[in-house]
Structures are given as structure tokens and as C-alpha cells.
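Chemist:
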Amino acid sequence: MPVASAIVERAWLTGVPDSRVAECHSLLRDAPRNGLEWARGELAMWLRRIDGSDIAAPDVAEPYALLFDGRYEAAAEQFHRLSTPYDA
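The numbering of the sequence shown is the working numbering, which starts it at 5 and goes up by one.
1. Run through DSSP, which three-state label would I59 get?
2. Compute the Euclidean distance between the alpha carbons of L40 and A79, then round it to the nearest angstrom.
3. Let me know if V64 comes out buried or exposed under the rule of 16 or more other beta-carbons within 10 Å of its beta-carbon.
4. What residue does the alpha helix (DSSP H) around P6 start on, and which one ends it?
5. Taking the alpha helix (DSSP H) that A80 belongs to, which residues open and close that run?
6. Nearest to E13 by alpha carbon, out of R85, P36, E46, E66?
7. Would you kindly check if the distance between the Cβ of D91 and the Cβ of F83 is under 8 Å?
This is how it looks when you write it as C-alpha cells:
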């Protein structure tokens with residue numbers, strides 16, 4: 005799942021379409037939910053950025069859940085508290 009996040013991040017940063025992004029959507033939908041909360045959250049975040057869509061992403065780590073719920077300040081506080089400010 006981290007590789008899928010990197011694929012989507014690269015496409016978003018460069019603006020170069022990548023046909024593998026569709027597979028990343030499938031991975032997020034079909035991947036096991038238990039134990040992958042952080043990886044699922046990161047992938048969902050990048051997919052939301054690249055698509056602008058409101059992708060359903062249940063079972064993600066709390067900071068991502070807050071982010072997807074529109075509680076941006078609370079999400080940023082969580083990311084900072086976890087020493088991951090670049091995710092905020």
C-alpha cells in the first residue's frame with residue numbers, strides 16, 4: 005500500500021497522469037482494513053487530492069479520519085502530536 009501512495013503522490017506532484025491510479029482505488033477498496041489503518045489513510049488522502057472526490061475511507065488512523073471529516077485543525081494537532089507535521 006505504501007507504493008500505491010507513492011504512485012498517486014507522484015502523479016499529483018508532477019501533474020503527469022498515471023494509469024496505475026485506478027488500481028490504487030481498487031487496492032484501497034479491497035485491501036484488508038485491520039492493521040493497515042495508517043497506510044489506508046495515507047492512500048485515501050492522496051487519492052482525494054488527485055481526484056478531488058470524496059472517497060469512502062473507513063478504518064483509517066484517527067488523524068486521517070479527522071481530516072476526511074473536515075476537522076482540519078484537530079487533524080493537524082494529531083499529526084503534530086505524533087511528530088508527523090508534513091502529513092498535516
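We put the beta carbon where it would ideally sit given N, CA and C, even for glycine.
Modeler: This is what the structure gives:
1. Coil.
2. If I take the Cα positions, the gap works out to 18 Å.
3. When all chains shown are included, V64 counts as buried.
4. Unbroken alpha helix (DSSP H) run through P6: 6 to 18.
5. Bounds of the alpha helix (DSSP H) holding A80 are 76 to 85.
6. It is E46 whose Cα lies nearest to the Cα of E13.
7. The Cβ atoms of F83 and D91 sit closer than 8 Å to each other.
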